[in-house]
Amino acid sequence: MRLSQAFQPTLKEIPAEAQIASHRLMLRAGLVRQTASGIYTWLPAGLRVLRRIATIVREEQDAVGGQEVLMPTLQSADLWKRSGRYDAYGPEMLRIQDRQKRELLYGPTNEEMVTDLFGSTVKSYRELPKTLYHIQWKFRDEIRPRFGVMRGREFYMKDGYSFDASYEEAGYSYFRMMLSYLRIFHRLGVKAVPMAADTGPIGGDLSHEFLVLAPTGESEVFYHHDWDLMDWGTSPLDPQKSEDLDALKEIVSKTYSATDEKHDEASWQNVPEDKRRSGRGIEVGHIFYFGTKYTEAMGVSVSGADGTAFHPHMGSYGIGVSRLVGAIIEASHDDHGIIWPDNVAPYRAAILNLRPGDESCDALCERFYQCDPEGLLYDDRSERAGVKFNDADLMGHPWQIIIGPRGAKNGMVELKRRATGERLELSVDEALAKVGLN
RNA sequence: CGGGGCGUGGCGCAGCCUGGUAGCGCGCUUGUUUUGGGUACAAGAGGCCCCCGGUUCGAGUCCGGGCGCCCCGACCA
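At position 272 of the first sequence (counting the first as 1) the number is 681 in my numbering, and the numbers step up by one without a gap.
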């Protein structure tokens, strides 16, 4: 994309309504615009990030056997009356009437809908297990939206639902999903730690929140340093092997982590003092097992091996995709702007033409740009060098390919790594290789 | 929903107390200049002062009502 033609309105001054870093940076970098309280328009660069996150989520969910569907945003109230949640959910649920006075609602979650879908389709234990997920806009009429997209009313979320024949099987689905989540967050370039969460009326130990560690997080967290050292990108655990899932369960149960709400001083004392870590975190995912709550309430059952019907066990698994955009920025920024992890950056690199109109600069910039016009942002504006440096830092491209008249004559370019500030003087071929453009 | 605050060119704000021709900085346009970290000068464009009603000769300013947004709290992917 040529920046001179891009719809990417960066702001020099900070909009008054934004209080926290990610919100300010998202507005300043031209990723989103607010259109109503807690409701945002996603501008091209922001949308790119949102999609890249969704793509990673999708790939990793598919990798553990998830099957993607797309359920609607609007749901019939009848569905929710069947589960009893139409009255239980409260004013957080946005209720709507159509012209025939039929009651609808803008979905805050999809347990009812997916259970109904499953029940009307699956009739035998032989078809289990099944895991369905979708990535869709949701609406929760928060009392007080804040922190930009981190706590919006409308939000983009991946929610998945597993159906199993027994509690034991459901446990495997649960830990398979946990493994998928650990890999997702690893690929997104953030450190996210699963922490035991309240299980509600079902009880048990099968509920975890995933928190991205960031100094501005809403929750205080305590965890064993080993969580920092685990590399889920190279983990050999196989989501299809039950013994590997047992091993994961073992790791999770033995490696302490908790939010302040669930923090247990006695267990904490058992963590070696030099291994204790505490900080703040932002909740970006939540997985839990809830048994037959919805299959019972909605009368969904399948035939077992002996011919008698039973209610499948369910789990549900959420990831706040739009919230993650804010959370990643909270975890990865500095005074100058955003520092995008490579896998989620809207553009893999920016090309800064320090002197548009200069023959050698233009030619060299074009050479880089033509390698990947879709994936590169070419700052070809007739702005001063300083403006371009500042905007590039603000927008947080992982690499800046800096091309000025000084080096261009000799075929040299400067590469700046946003995350470290490191600068390299390289030949054209070296630079292409470094950014992965050849 | 309780408490607090704000609504004035695209953005950030002043003006309101004490009513009398709507201002400043940034951005934008044009020209000159500058050219490796938000250049400088000059000339311009751009405003139902959130909405409705009231008081007044006269309302951005005072009064009443509404709407919107933000912050703190309780609540949440």
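Note that CB positions come from ideal geometry on N, CA and C, so glycine has one too.
Here DSSP, grouped into helix, strand and coil, assigns Q545 to strand. Beta-bridge annotation (DSSP): N762 is paired with I812. The three-state secondary structure of P603, taken from DSSP, is strand. Of the other Cβ atoms in all chains shown, fewer than 16 fall within 10 Å of the Cβ of I505; this residue is therefore exposed. The alpha carbon of F697 has as its nearest neighbour, out of G580, L483, A740, A667, the alpha carbon of G580. The secondary-structure analysis by DSSP pairs I691 across a beta bridge with V621.
Secondary structure note for E768: its alpha helix (DSSP H) is the uninterrupted segment 768-778. As for any beta strand (DSSP E) of minimum length 3 sitting wholly inside the segment 503-578, the runs are 503-506, 512-515, 539-548, 563-573, ordered along the chain. If the five residues before and after E705 are omitted, its C-beta is found closer than 6 Å to the C-beta atoms of H720, all from its own chain and listed in chain order. Note on the segment 680-732: whole alpha helix (DSSP H) runs with a minimum of 4 residues are 702-706, in chain order. Sequence-distant partners of L483 (beyond 5 residues in either direction) whose C-beta falls short of 8 Å from its own C-beta, in its chain, are I505, L513, L514, Y515, G516. Cβ-Cβ distances below 6 Å link P755 to A454, R457, V458 in the same chain, with the five nearest sequence neighbours on each side left out; the list follows chain order. Partner residues in a beta bridge of G474, as assigned by DSSP, do not exist.
Residue pairing by DSSP places G746 opposite D743 in a beta bridge. Residue range 832-836 is occupied by the beta strand (DSSP E) that includes E834. P765 and M480 have their C-alpha atoms roughly 48 Å apart. The three-state reading of DSSP puts M639 in coil, since its state is none of H, G, I, E or B. Counting other Cβ atoms within 10 Å of its Cβ, P645 stays below 16 and is therefore classed as exposed. Contact fails between the segment 708-724 and the segment 734-743, because fewer than three Cβ pairs, one in each stretch, are under 8 Å apart. Taking each of L452, R535, S446 in turn and checking the Cα distance to R562, the smallest one comes out for S446. For K797, the uninterrupted alpha helix (DSSP H) segment begins and ends at 794-804.
Ranked by Cα distance from Y703, the options R685, L488, S731, D637 are led by L488. L638 is classed as exposed because its beta carbon has fewer than 16 other beta carbons within 10 Å across all chains shown. Annotation for D653: L646, D647 place their beta carbon closer than 6 Å to its own, counting only its chain and skipping 5 residues before and after.
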